[in-house]
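J.:
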Amino acid sequence: MKMEPNYERLMEMSKRVNWRIEDIIGPEKRMDFSKPFLPESFARTGELDFLTAAERLKLNHIRAFGYLGMFELVERCILPVIEDLAPSAPGQDTHRTPALLQFAAEEAKHIELFVRFRQAFTEGFAGECGFIGPADEIGAAVRAHSPLSLAIFVLGIEWATQRHYLDSVHDDDTLDPQFKSLLKHHWMEESQHAKLDALVFFELAARARPDQVEQAVEEFLEIGAFLDGGLAQQTQLDLASLEAAISRTLSERERARFVEVQHQAQRWTFLGSALRNEGFLGAMGKVSPAARARLEQVAPAFC
Ligand SMILES: [Fe+2]
Ligand SMILES: [Fe+2]
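In the working numbering, the protein residues as written are 45 to 347.
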């Protein structure tokens, strides 16, 4: 019999799968730069036929660096949101606050893991990789939106991370085992986050009028458009990182193709894979079929 998630069960599960950073990354656990890190469905390097196989591998690593950088950025942004939601009102489930505090503690640990990855990556990759920022300003701009729209945003991200691992990473044996292990352990804890955030989202949505839900969906789309601007900037940074790493300059035509393919790849990775996610759409549809339809309407631009 399938049991509905509740705060107590999710916290129990969290405790069961909990891991330590030292078990995932460290001097004995080095990444193998002769292998790709990121699945092709996200990296989309194969479409860039003007790059050699070795150059495409470099781009894969640059994209992997940006992939975890983006999760670090997003998790830095949402950590205060979760902390704000943690206090419970009298009469609410007594497991609610401990479960949300556990959720916040895991995100803080993930941020630390991503920082350690960045250090290990820098030691193994010849050259510097640029990344958008400053994280504080990006986070503040996102958090300027309503709590309900932020709950939708967190839900989308949590579900996307979960499916990324199951759909694209788990069965890909070409990937570096160390990087894959990092994604696997992140996913193990994110599985609970997606369900926890759904409980919080349902809680907030139950207190909102239909027009407030509609407004929150529009705000969520504004956050998406804001982040899409960041992804366009990141694509330019990746282009510069690649040219530095391969010690050659691409032609104008090649650069234009790079930006076209890679910006869309970034869109799919961080926005489209959330907007197409059945778990996310299912939760939205439960609250408002119109909200689900609105998300499905904008999804194709990000796929
Ligand atoms: Fe996380
Ligand atoms: Fe998370």
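In this text, a Cβ means the ideal position worked out from N, Cα and C, and glycines have one as well.
Tell me whether K228 sits in a helix, a strand or coil according to DSSP, three-state version.
T.: Translated into the one-based positions of the sequence shown, residue 228 becomes position 184. Helix at K228.
J.: Taking the alpha helix (DSSP H) that Y111 belongs to, which residues open and close that run?
T.: For this step, residue 111 is matched to residue 67 along the sequence shown. Here the alpha helix (DSSP H) through Y111 covers 97–129.
J.: On the DSSP letters alone, give me the boundaries of the alpha helix (DSSP H) that A327 sits inside.
T.: As a first step, residue 327 must be located in the sequence shown, where it is residue number 283. Taken as a continuous stretch (DSSP letters only), the alpha helix (DSSP H) holding A327 covers 322–331.
J.: Mapping the DSSP letters down to three states, classify G171 as helix, strand or coil.
T.: As a working note, residue 171 is residue 127 in the sequence shown. In this structure, G171 counts as coil in the three-state DSSP scheme.
J.: Across the segment 316–333 and the segment 245–253, are there enough close Cβ pairs to call them in contact, namely three or more that are closer than 8 Å?
T.: Yes, since at least three Cβ pairs between the segment 316–333 and the segment 245–253 fall closer than 8 Å, the two stretches touch.
J.: Please go through the segment 269–312 and give each complete alpha helix (DSSP H) segment of 4 or more residues, from N-terminal end onward.
T.: With a minimum length of 4 residues, the continuous alpha helix (DSSP H) runs that stay inside the segment 269–312 are 296–311.
J.: Would the beta-carbon of T313 be found less than 8 Å away from any heavy atom of ligand 1?
T.: Here the question's residue 313 lines up with position 269 in the sequence shown. Checking every heavy atom of ligand 1 against the Cβ of T313, none is found closer than 8 Å.
J.: For the structure I just gave you, are there three or more beta carbon pairs, one from the segment 74–88 and one from the segment 214–224, closer than 8 Å?
T.: Short answer: they touch.
J.: Quick check on the burial criterion: 16 or more other C-beta atoms within 10 angstroms. Buried or exposed for Q163?
T.: Counting from one through the sequence shown, the residue named residue 163 turns up at place 119. Exposed, since its Cβ has fewer than 16 Cβ neighbours within 10 Å.
J.: Helix, strand or coil, according to DSSP, for G200 in the structure here?
T.: The residue labelled residue 200 in the question sits at position 156 within the sequence shown. G200: helix per DSSP, three-state reduction.
J.: In chain order, what residues have a CB nearer than 7 Å to some heavy atom of ligand 1?
T.: Chain-ordered list of matching residues: F115, E119, E150, E151, H154, T205, H230, E233, E234, H237.
J.: Throw me the rounded Cβ distance for the H189 and E263 pair, which I believe falls under 8 Å.
T.: Looking up residue 189 in the sequence shown gives position 145. Looking up residue 263 in the sequence shown gives position 219. At roughly 5 Å, the Cβ-Cβ gap stays under 8 Å, so H189 and E263 are in contact.
J.: Run the proximity test for E202: is its beta-carbon closer than 8 Å to any non-hydrogen atom belonging to ligand 2?
T.: Counting from 1 along the sequence shown, the entry for residue 202 is found at position 158. Yes; taking the cut-off as 8 Å, the Cβ of E202 has a heavy atom of ligand 2 nearer than that.
J.: Is it the case that the CB of F81 approaches a heavy atom of ligand 2 more closely than 8 Å?
T.: Taking the first residue of the sequence shown as position 1, residue 81 is located at position 37. No, Cβ of F81 sits at least 8 Å from all heavy atoms of ligand 2.
J.: What residue does the alpha helix (DSSP H) around G183 start on, and which one ends it?
T.: By one-based count along the sequence shown, residue 183 stands at place 139. That run of the alpha helix (DSSP H) goes 179–187.
J.: In three-state DSSP terms, what is K59?
T.: To locate residue 59, count along the sequence shown from 1; it is residue 15. The answer is helix: DSSP assigns K59 an H, G or I state.
J.: Taking contact to mean 3 or more Cβ pairs, one atom from each stretch, closer than 8 Å, check whether the segment 61–68 and the segment 193–211 are in contact.
T.: Counting Cβ pairs under 8 Å, fewer than three are found: no touch.
J.: State the CB to CB distance for the pair V261 and I196, rounded to an integer number of angstroms; the pair is presumed to be in contact (CB under 8 Å).
T.: Taking the first residue of the sequence shown as 1, we reach residue 261 at position 217. Taking the first residue of the sequence shown as 1, we reach residue 196 at position 152. Confirmed, about 7 Å.
J.: So if DSSP puts T73 in a beta bridge, which residue, or which two residues, is it bridged to?
T.: As a working note, residue 73 is residue 29 in the sequence shown. At residue 73 the sequence reads Lys, which differs from the Thr that was named. K73 is bridged to G70.
J.: By Cβ distance, which residues of its chain are closer than 6 Å to M232, with the 5 residues on each side in sequence left out?
T.: Mapped onto the sequence shown, residue 232 falls at position 188. Closer than 6 Å at Cβ, skipping near neighbours: V61.
J.: Please report how far the alpha carbon of A97 lies from the alpha carbon of T89, in whole angstroms.
T.: In the sequence shown, the residue the question calls residue 97 occupies position 53. In the sequence shown, the residue the question calls residue 89 occupies position 45. Whole-angstrom Cα-Cα distance: 9 Å.
J.: From the DSSP output, in three-state form, read off F147 for me.
T.: Taking the sequence shown and counting its residues from 1, the one referred to as residue 147 is at position 103. If DSSP states are grouped into helix, strand and coil, F147 belongs with the helices.
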